[in-house]
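Working notes for the structure below.
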Amino acid sequence: MRHPALPLLLPLCLGLACKAPEKEAAELDDTGAPAQVCAADGPSTTFLMNKVRFARSEGGVSWGSDLDGEVSAGGGTAGCGKADLVDPEGTPGIDNAFAGLLPALEQTEAAAISGLLQASVGAGELLLTVEVLGLDDYQNDDCVAVQFGNAEGQPLVGADGELLPGQSFSRNPNDPVTRVDEALVEGGRLTFASDFGIKLQILDANLDLDVTQGVVRMDMAPDGQSATGHFTGGVSIDYMLTEIDKYAIDQGLKDLINTVMPAVGDLKGDTGECDHFSIAFEFDAIPAYFYLDQEEAN
Amino acid sequence: MLRRLLPAPRIALLLAIGLTACGDDPAKKPPADAEDSGEPSARPPVPEVAPGAPALRRLTRTQYENALEDTFLVDLYVPTAFEPDNEVEGLLSVGASTTSVSAYGVELYEQSAQTVADQVLADLTARTSFLSCTPSGASDAACAGEALGLAARKLWRRPVTEDEQARLGALAAAVGAESGDFDEGLRTGLVAILQSPHFLYRIENGAGEGGLRPLSPYELASRLSFLLWNSIPDEALLAKAADGSLAEDEVLEAEARRMLDDARARRGLRNLFDEVFHLYTLPTLSKDPLAFANASPELGPSAREETLLGIERLVLDEDGDFKDLFTTQRAFVDRRLAALYNVAAATPDGFGEVILPEAGGRRGLFGQASFLMLQAHANSTSATRRGKFVRTTVLCQEIPAPPANVDTSIPEADAESPTLRERLETHLSDPYCASCHRLTDPIGLGFENFDGIGKWRPTENDAVIDPSGDLDGTSFTNAWDLAQVISDNPNIEPCFARHVYRYGTGRLNVDGEDELLAWLADGFTRSGHSFRELLVDTVLSPGFRNVGEMQ
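In structure tokens:
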């Protein structure tokens, strides 16, 4: 499914030094020929998101990205009439409708939803990786490629309870890697557009969220030994409601979701209706690797 | 004697590098017969030797287990409680000559023998490994004697006399008659064999008079198999002992080379380096998890395996230059070690080969977690321990123990002294301490970029670590450099020749063996530091094949 907000997202995205996924049409140069893609040669660095949490909103401030290219104060047609947020750096137009729903969810039997998200990381069920190819400098590099995907494996946990940095994983063969060429790193910041999947557990419901036309932003430490960031995208409200309905979870919670969810749609889907809601996650990341024998086999 | 002659051993040059250390300095002893012309000089003849007195070695626990496995062809459970092996000058094999067994220790051997005998009789493979006859009844002394005689021949590493076999058979028959169960008699006989001093001790009395008395063929076979396999001789080796041919140079060399090509040589080599590098202590090594997030019960065994796999590959698979052990960028790591080293693991399961990047600052033995973990405190590094290991274990120099009642603690870190280098200033500025600490600490500080379990750290308490220093006048900038400086040290060859010699003979070397050790070190150099050749050379040397006067 192609998100209608993509045309709006792309100019923004380019401004943030990222490119659309490979599957999008290649750009053309002045002669009409495909523009030459810079070669992202050299070392690659993989970051594993070892801490993932919902981006919360406090006083209208939340981490996230502007997915629809609109700044909405609410009430009008922009942003499906939903008020956008401002990020802690003062950037307006941040879409993160789920942040408004989260406190209500946490008043229900889904109170542990945030903890479960992190637990799925520790259990190896949610191992999101950002692989930066051709990265010569963690602070500034005008030509890198980025692959965003899921890893597989049981994480090694240190004595401090945290995932150990520098550990190795398998690539998830069932999870296509999104690749973005010609990205760049400025001031340690890497931003790129990507779809992604994320497992979300609400009580007994295990949801594989298909987050479309998302934006990932990652800030790498100068030594490359850590990174932080956030990723934001849109989720189909219909999908959520259908999936939730499949599970035998508390009826009160179902009722709440069925009542509130349709009202949080702030992104337009294929039909032009406001049938998607935005959701943003914050993350911390550590260096990680993929097994050499599997890389060689590929 | 087959030996490879490699060009230009630079002994003379290496000898020119002065060393200052307490006690013996093996590098002062090798003969400077190499020439600067680039052409290798002819190897001098084997020097005369006056070996030390015979030693009576108790089987180490590992040897005990290996002997059982090789006799009964199955992996048997041996109770964990045994009186501990003793270490002398860093080697259990030498300590085995000095340990005694208490009355309680005798009981433990008995309990173990009973447990093992039960398992042997309950396992078809183990049972048929020595029982080939069909007993005519519960008290069939002939059949029991034949079976027990076969087991005793293997376990005692020598022929069993008719009288011994008859007595074993009679013992089994008596018990079988009383119990009405042939197996019960057989069990009693096995227990007796396993408690016998002929099994538990390695008897190397030698024969004849004087200060150079040859080992008997069976004694030599046993010494050879424990050196190369850390276990009992096989039938082929016992056959060479039986026909007396093992005393011949060619036969002994051929047997040594055959045994080095056998899979059991891996076990033997592992044990040698387990002892030399004290790796056997890694599985029980405890580290403070609050200080080291990567610490885990699995890390020590992994670190041990890494080092041993590397040595196996270098020595047995490739017959490479042993000095590569100190500078190689190749490592064998599992997931946990790969995470510690911040490199990609080769494979999800087990160990795989990886190449360590130079940017990581880690290479060779001194970049391995085994060394870095062992030579450190539970919650911090120890420049003194690491430096002492290099001096004593790798260069075979002596560092006196600290005087009694001396305060060996170092100050807590503070703003004035954030890194260990500053905190050790006391050791190096106090003449009382400095006499020895100046030998150890400058080397150990070179490894300060690795924490107490071997994880890289550029800073300590937010201060940049300075790993530079010098080793006896040769400067280095960091651990990467230091690995090369140590590898180039001329003490390496005599040191490892001495380790092998002591390990093989089970005792400390004596003055009458100095020239032989220097000759072995010279051969090690000439072979391009082939550890295989060092082992073969040692086996063929008169010091290995003879014992001194009985004392």
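From first to last, the protein sequence lines stand for chains U and G.
So in the working numbering, spot 92 of the first sequence is number 92, and the numbers just go up one at a time.
Add 298 to the 1-based position in the second sequence for the working numbering, that's all there is to it.
Glycine included, every Cβ here is placed at the ideal spot set by N, Cα and C.
Closer than 9 Å, CB to CB, is residue i near chain U or not?
i: N640(G); result: yes
i: N787(G); result: no
i: P328(G); result: Here P328(G) scores only 45 on pLDDT, less than 50, and its place in the model should not be relied on; the value that follows carries that caveat. Cβ-Cβ to chain U under 9 Å: no for P328(G).
i: C320(G); result: Reliability fails at C320(G), whose pLDDT of 41 lies under 50, so the model's placement of it is uncertain and no value is given.
Short check: CB of residue i to CB of residue j, under 9 Å?
i: D142(U); j: L184(U); result: yes
i: N787(G); j: L693(G); result: yes
i: S65(U); j: T228(U); result: no
i: A466(G); j: A490(G); result: It is worth fixing the name first, because residue 466(G) is Leu in this sequence and not Ala. Yes; because the gap between Cβ atoms is below 9 Å, this pair is in contact.
i: F54(U); j: I113(U); result: yes
i: I237(U); j: A205(U); result: no
i: E182(U); j: S170(U); result: no
i: Y799(G); j: L818(G); result: yes
i: L484(G); j: L588(G); result: no
i: I790(G); j: K621(G); result: yes
With a threshold of 9 Å between beta-carbons, can residue i be considered close to chain G, or not?
i: F290(U); result: yes
i: P287(U); result: yes
i: E186(U); result: no
i: D84(U); result: no
i: D300(U); result: The question about residue 300(U) has no answer here: the residues shown for chain U are numbered 1 through 298.
i: L295(U); result: Reading off the sequence, residue 295(U) comes out as Glu, not Leu. Closer than 9 Å to some Cβ of chain G, the Cβ of E295(U) qualifies, so yes.
To the nearest angstrom, report how far apart residue i and residue j are at their CA atoms.
i: T836(G); j: D728(G); result: 43 Å
i: S766(G); j: S773(G); result: 8 Å
i: D175(U); j: V132(U); result: 18 Å
i: V834(G); j: L526(G); result: 10 Å
i: A340(G); j: E295(U); result: 50 Å
i: E656(G); j: A777(G); result: 11 Å
i: H3(U); j: D266(U); result: Because H3(U) sits at a pLDDT of 40, beneath the cut-off of 50, its placement in the model cannot be relied upon, and the following sentence gives the value as read from the coordinates. If you take the alpha carbons of H3(U) and D266(U), they lie about 13 Å apart.
i: Y247(U); j: A110(U); result: 13 Å
i: V216(U); j: V130(U); result: 9 Å
i: Y407(G); j: R359(G); result: 11 Å
i: R755(G); j: R661(G); result: 15 Å
i: L838(G); j: D416(G); result: 40 Å
i: C18(U); j: G134(U); result: Because the pLDDT of C18(U) is 30, which lies under 50, any placement of that residue in the model is unreliable, and the question is left without a value.
i: L357(G); j: L498(G); result: 5 Å
i: A439(G); j: A471(G); result: 5 Å
i: V399(G); j: D383(G); result: 10 Å
i: H496(G); j: L453(G); result: 8 Å
i: S514(G); j: K538(G); result: 12 Å
i: A280(U); j: T212(U); result: 12 Å
i: R805(G); j: V641(G); result: 42 Å
In the DSSP assignment, find the unbroken beta strand (DSSP E) run with residue i in it and report its ends.
i: L184(U); result: T178 to E186
i: H276(U); result: H276 to F290
i: R719(G); result: Run containing R719(G): none in the beta strand (DSSP E); it sits in the alpha helix (DSSP H), L718 to R721.
i: V215(U); result: A205 to M220
i: Y578(G); result: Neither: Y578(G) is in no beta strand (DSSP E) and is coded neither H nor E.
i: M49(U); result: T45 to F54
i: N150(U); result: D141 to E152
i: E131(U); result: L128 to L133
i: E651(G); result: G650 to I653
i: A537(G); result: A537(G) -> not in any beta strand (DSSP E); alpha helix (DSSP H) instead, spanning E533 to A540.
Kindly examine the ligand SAH and report whether one of its heavy atoms sits closer than 8 Å to the Cβ of residue i.
i: V157(U); result: Because no ligand of any kind appears in the structure shown, any question about the ligand SAH cannot be addressed here.
Between which two residues does the alpha helix (DSSP H) holding residue i run?
i: G403(G); result: A401 to A420
i: T836(G); result: F829 to L838
i: T803(G); result: I790 to T803
i: Y516(G); result: P515 to L526
i: E462(G); result: E460 to S477
i: N787(G); result: Unbroken run through N787(G): none, as it is neither H nor E.
i: T775(G); result: First-last for T775(G): undefined, no H or E at that position.
i: C441(G); result: A439 to W454
Using a Cβ-Cβ cutoff of 8 Å, what residues of the region 588-613 of chain G are near chain U? List them in chain order. L588, F590, A591, N592, A593 and S594
At a CB distance below 8 Å, what residues from the region 151-169 of chain U approach chain G? Give them in sequence order. G153, L156, G158, A159, D160, E162, L164, P165, G166, Q167 and S168
Which residues, in chain order, does the region 642-670 of chain G contribute to contact with chain U at a C-beta distance below 8 Å? A642, A643, A644, T645, P646, G650 and V652
Beta carbons nearer than 7 Å to chain U: which residues of the region 560-586 of chain G have them? none
What residues in the region 613-639 of chain G have a beta carbon less than 9 Å from any beta carbon of chain U? R633, R634, A636, A637, L638 and Y639
Under 7 Å (Cβ pairs) to chain G, residues found in the region 204-218 of chain U: none
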